[in-house]
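Each protein sequence line maps, in turn, to chains A and B. Numbering of the first sequence is given in this note's numbering, commencing with residue 5 and proceeding in unit increments. Numbering of the second sequence is given in this note's numbering, commencing with residue 21 and proceeding in unit increments. Okay, structure first, notes after.
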Amino acid sequence: AQSVAQPEDQVNVAEGNPLTVKCTYSVSGNPYLFWYVQYPNRGLQFLLKYITGDNLVKGSYGFEAEFNKSQTSFHLKKPSALVSDSALYFCAVIRTGANNLFFGTGTRLTVIP
Amino acid sequence: SAVISQKPSRDICQRGTSLTIQCQVDSQVTMMFWYRQQPGQSLTLIATANQGSEATYESGFVIDKFPISRPNLTFSTLTVSNMSPEDSSIYLCSAATGATSGNTIYFGEGSWLTVV
Chain A
5 AQSVAQPEDQ VNVAEGNPLT VKCTYSVSGN PYLFWYVQYP NRGLQFLLKY ITGDNLVKGS
65 YGFEAEFNKS QTSFHLKKPS ALVSDSALYF CAVIRTGANN LFFGTGTRLT VIP
Chain B
21 SAVISQKPSR DICQRGTSLT IQCQVDSQVT MMFWYRQQPG QSLTLIATAN QGSEATYESG
81 FVIDKFPISR PNLTFSTLTV SNMSPEDSSI YLCSAATGAT SGNTIYFGEG SWLTVV
């Protein structure tokens, strides 16, 4: 079985402040973890992924995420938020041996000018 | 990476009709998938489109309702049959460029269907 939890439906942050979007997972075996962003009226864009190696993963648009095996978390972070970062963010997991993504419920990020 | 184009991007459909969505990838890919995103919801996998064979459907989705074709390594179609308002969703095509679990899966812009 596999599951992904995004505990916050909505995150608000002031422009220029650091942002964090939380994700925890439950999967048998080693997880492959992904973050995607969906801008209004658009499809999903890939941000970053963790497969193996360094726990800190850097991705597109200045985003990064830290894989924490003991806490089964993969939180998305950015040091300084931009208004243009306002969007819907999805965490997703592929369990070992599978090929399809299993998505969390999404977190809507609003960056306030 | 892979660039994925979907047609139509939007449509308004009459109840009881069927609509076929086309998905074209700019390079050969090993895996193609179809997802549904209902209004305000997350993405749910409908099926894996298998090249040259029948698609593999997830629980709750059946071939009669969502027939899928994948004639080659760059193209797939999803048909939404006998539509009802509950089928109003975004349908997203996605593709993976490798065969292993860790490969990045890319998405198209989605096809936004409204059934009236």
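Ideal Cβ placement from N, Cα and C applies to all residues, glycine included. Just so it is clear, the structure is predicted and the values come from calculations on it, not from any experiment.
Which whole-angstrom value is the C-beta distance of residue i and residue j, which I expect to be below 8 angstroms?
{"i": "aspartate 46/B", "j": "valine 82/B", "result": "About 31 angstroms separates the two Cβ atoms, so there is no contact after all."}
{"i": "valine 41/A", "j": "valine 97/A", "result": "No, valine 41/A and valine 97/A are not in contact; Cβ-Cβ is about 16 angstroms, not under 8 angstroms."}
{"i": "cysteine 95/A", "j": "glutamine 10/A", "result": "6 angstroms"}
{"i": "threonine 37/B", "j": "threonine 97/B", "result": "Not really, about 16 angstroms apart at Cβ, beyond 8 angstroms."}
{"i": "alanine 67/B", "j": "glutamate 78/B", "result": "6 angstroms"}
{"i": "arginine 35/B", "j": "proline 91/B", "result": "Wrong, their Cβ atoms sit about 29 angstroms apart, outside the cutoff."}
{"i": "valine 115/A", "j": "leucine 86/A", "result": "6 angstroms"}
What separation, rounded to the nearest whole angstrom, lies between the Cα atoms of residue i and residue j?
{"i": "threonine 94/B", "j": "isoleucine 110/B", "result": "21 angstroms"}
{"i": "phenylalanine 53/B", "j": "arginine 30/B", "result": "19 angstroms"}
{"i": "cysteine 27/A", "j": "glycine 130/B", "result": "24 angstroms"}
{"i": "tyrosine 29/A", "j": "valine 8/A", "result": "4 angstroms"}
{"i": "threonine 124/B", "j": "serine 88/A", "result": "24 angstroms"}
{"i": "proline 59/B", "j": "glutamine 49/A", "result": "18 angstroms"}
{"i": "lysine 62/A", "j": "lysine 85/B", "result": "40 angstroms"}
{"i": "asparagine 102/B", "j": "threonine 111/A", "result": "33 angstroms"}
{"i": "threonine 24/A", "j": "phenylalanine 78/A", "result": "10 angstroms"}
{"i": "valine 116/B", "j": "tyrosine 36/A", "result": "The sequence given here has alanine at residue 116/B, not valine. If you take the alpha carbons of alanine 116/B and tyrosine 36/A, they lie about 14 angstroms apart."}
{"i": "glycine 33/A", "j": "arginine 99/A", "result": "7 angstroms"}
{"i": "alanine 102/A", "j": "asparagine 16/A", "result": "34 angstroms"}
{"i": "glutamate 68/A", "j": "glycine 57/A", "result": "15 angstroms"}
{"i": "leucine 51/A", "j": "glycine 66/A", "result": "9 angstroms"}
So, using beta-carbon positions, are residue i and residue j closer together than 8 angstroms?
{"i": "glycine 108/A", "j": "leucine 112/B", "result": "no"}
{"i": "glutamine 53/A", "j": "phenylalanine 71/A", "result": "At residue 53/A the sequence reads lysine, which differs from the glutamine that was named. It is not a contact, given that the beta carbons lie outside the stated cut-off."}
{"i": "asparagine 104/A", "j": "leucine 65/B", "result": "yes"}
{"i": "serine 21/B", "j": "tyrosine 126/B", "result": "yes"}
{"i": "glycine 128/B", "j": "cysteine 33/B", "result": "no"}
Quiz item: Touching or not, the stretch 69–84 of chain B and the stretch 76–88 of chain A, by the rule of three or more beta carbon pairs under 8 angstroms?
Solution: The stretch 69–84 of chain B is not in contact with the stretch 76–88 of chain A.
Exercise. Could you name each continuous beta strand (DSSP E) segment of 3 residues or more that falls completely within the stretch 35–73 of chain A, going from the start of the chain to the end?
Key: Segments of the beta strand (DSSP E) lying fully in the stretch 35–73 of chain A: 35–42, 48–54, 60–62, 68–72.
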